[in-house]
Amino acid sequence: MTRSALTLAALVLLAAGCGGNDRPGGTVTAPAGGSVRVKAKEYSFDPSTIVVRGGGTLRLTLANKGTLAHNIKVEKDGRIIGGTPAFPAGETRSATVRLASGTYEFLCTVGDHAELGMKGELKVD
């Protein structure tokens, strides 16, 4: 290959790799009675979708990787069923929630963080 073709190929590979790993989101699956680690930043959770196989308890551990205080709350039909208190950046907190089959939302209830996109879906099969 010529030098310009190698340079072009390198630039294409570099561009393809940019941004994909830095974006929050994704899905994680946990068994009933299991645990999930969630990272919080302004204004997102990673993962953004949690699937739990079977009802029961789930331990949520939130690592606050942002610069602001955050929390994680689990909500069903507009009612908070559990979660962590708000806590400062750089800290980690855990909470255990009891879940039946269905679809839930998890969100940060600090200020307007949820409205700014800090929420996700929790599905229990």
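Read in our numbering, the sequence shown has 1553 at position 81, and its numbers run on one by one without any break. Idealized CB from N, CA, C, for every residue including glycine.
For residue i, the three-state DSSP class (helix, strand or coil)
i, result
"Ala-1567", "strand"
"Ala-1502", "strand"
"Ile-1544", "coil"
"Ala-1586", "coil"
"Arg-1551", "strand"
"Thr-1581", "coil"
"Lys-1595", "strand"
"Gly-1562", "coil"
Closest by C-alpha distance to residue i, when choosing among the options
i, options, result
"Glu-1593", "Arg-1570, Tyr-1576, Arg-1525", "Tyr-1576"
"Ala-1502", "Ser-1566, Leu-1534, Gly-1526", "Gly-1526"
"Ala-1567", "Ile-1544, Ser-1520, Phe-1517", "Ile-1544"
"Leu-1532", "Thr-1556, Asp-1549, Leu-1540", "Thr-1556"
"Pro-1560", "Ile-1553, Leu-1571, Thr-1539", "Thr-1539"
Per DSSP, cross-strand counterpart(s) of residue i
i, result
"Ser-1507", "Arg-1531"
### Query
Of all the beta strand (DSSP E) runs that stay within the bounds of the region 1509-1533, which reach a length of 3 or more residues?
Secondary structure within the region 1509-1533: the beta strand (DSSP E) runs of 3 or more consecutive residues, fully enclosed, are 1516-1518, 1521-1525 (chain order).
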